[in-house]
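There are 2 protein chains.
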Amino acid sequence: MKNNTNADEQEFTNQDFSDIVENNCPMTNTLKVIGGKWKLLILHAIMSECPARFGELKKKMKDITQTTLTAQLRELERDGILSRKIYAETPPKVEYKLTPLGETLVPVINTIIAWGNTYCKSNL
Amino acid sequence: MKNNTNADEQEFTNQDFSDIVENNCPMTNTLKVIGGKWKLLILHAIMSECPARFGELKKKMKDITQTTLTAQLRELERDGILSRKIYAETPPKVEYKLTPLGETLVPVINTIIAWGNTYCKSNL
DNA sequence: AGCATTAGTATTATTTTTCATACTTAGTAC
DNA sequence: GTACTAAGTATGAAAAATAATACTAATGCT
Chain A
1 MKNNTNADEQ
11 EFTNQDFSDI
21 VENNCPMTNT
31 LKVIGGKWKL
41 LILHAIMSEC
51 PARFGELKKK
61 MKDITQTTLT
71 AQLRELERDG
81 ILSRKIYAET
91 PPKVEYKLTP
101 LGETLVPVIN
111 TIIAWGNTYC
121 KSNL
Chain B
1 MKNNTNADEQ
11 EFTNQDFSDI
21 VENNCPMTNT
31 LKVIGGKWKL
41 LILHAIMSEC
51 PARFGELKKK
61 MKDITQTTLT
71 AQLRELERDG
81 ILSRKIYAET
91 PPKVEYKLTP
101 LGETLVPVIN
111 TIIAWGNTYC
121 KSNL
């Protein structure tokens, strides 16, 4: 690993920042799942109307494009947060809902919402 | 609220999504403050060593550039989350710490960290 | 037959974010 | 008087995210 005995080549060895520097940082890991411009908004929307259909989500998040919404939903599905149920109907019907893992995010999201309600009323 | 008797002109009137569509959404507001790739990591770092100097933050977040770190810190300062204290020394010394408003984010961040610790161990 | 519907995909363009690199400043130590 | 330090700034390039637009597919309705 770090094999510099004299100090003219040392870079980050004088303190243990491993949980931040390396990839074991829970914040970094969490941000991989719920980070980005849309994911928390999508989850919030699905939380408040579960299951949610694609078209409903798109209406709720007025400014998202179809392409982006699809991409974000796929990532959330890939990460085990959402499930996607396709109905064999015409026109197509697809329902998104939180998986059990996704449900564990509900208190996290509620905490964020609560902060916004209390401290972010109109100061921006 | 819902005043569409015949269904051929309705667009967003069949349910009240105003808190998501308009800018009063606490999630949207919160994301303006703590959203983005770096802000939560910066706050986490300052939380765990408060006050924190610029150089310390940069070392902890190995992959951020000076320019980006400065920009993010300025936004957090602008939004009232951080304070910046300049010491009239050479070489310069600047300390960042959470404001009282910033302190109110501590439980939010801890909630996110806790979720990461519990549910995000190694599945990504 | 032709039209509307939903949940997409494909492609290209644009915007936003981040990065890389070089430069600055004022003291202090050599 | 030269080098070093910390915390930046300036500039341009690159990468990532997001958007705009057009297209598809299956089927029910008229």
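Residue numbers (the UniProt record's numbering), protein chains in the order written: chain A, 1 to 124; chain B, 1 to 124. From the three backbone atoms N, C-alpha and C, an ideal C-beta is built for every residue, glycine too.
Considered as a whole, the UniProt domain "HTH hxlR-type" (25-124) of chain A harbours 26-34, 39-48, 54-60, 66-78, 100-103 and 106-119 as its complete alpha helix (DSSP H) runs of no fewer than 4 residues, in chain order. In summary, the residues of the region 101-112 of chain A whose CB is separated from some CB of chain B by less than 8 Å are 101, 104, 105, 107, 108, 109, 111 and 112, in the order they occur in the chain. Check the Cα spacing between residue 45(B) and each of 38(A), 26(A), 76(A) and 41(A): the tightest is with 26(A). Between residue 73(B) and residue 98(B), the CB-CB gap reaches or exceeds 8 Å. Remark: three or more beta-carbon pairs, one from each stretch, lie closer than 8 Å, so the region 50-57 of chain A and the region 94-109 of chain A are flagged as touching. Residue 28(A) places its beta carbon less than 8 Å from that of residue 41(B). Taking 8 Å as the cut-off, the beta carbon of residue 111(B) is found closer than this to the beta carbon of residue 108(A). Residues of chain A whose Cβ lies closer than 7 Å to the Cβ of residue 120(B) are, in chain order, 26, 29, 30 and 33. Contact of residue 37(B) with chain A by beta-carbon distance below 8 Å involves 31 and 35. For residue 105(A), the closest alpha carbon among the candidates 87(B), 24(B), 120(B) and 57(B) is that of 120(B). Counting only Cβ-Cβ distances below 9 Å, residue 40(A) has contacts in chain B at 27, 30, 31 and 35, in chain order. Take the alpha-carbon of residue 64(A) and the one of residue 59(B): they are about 36 Å apart. At a beta-carbon threshold of 9 Å, the residues of chain B lying near residue 116(A) are 25, 26, 27, 28, 29, 30, 31 and 33, ordered along the chain.
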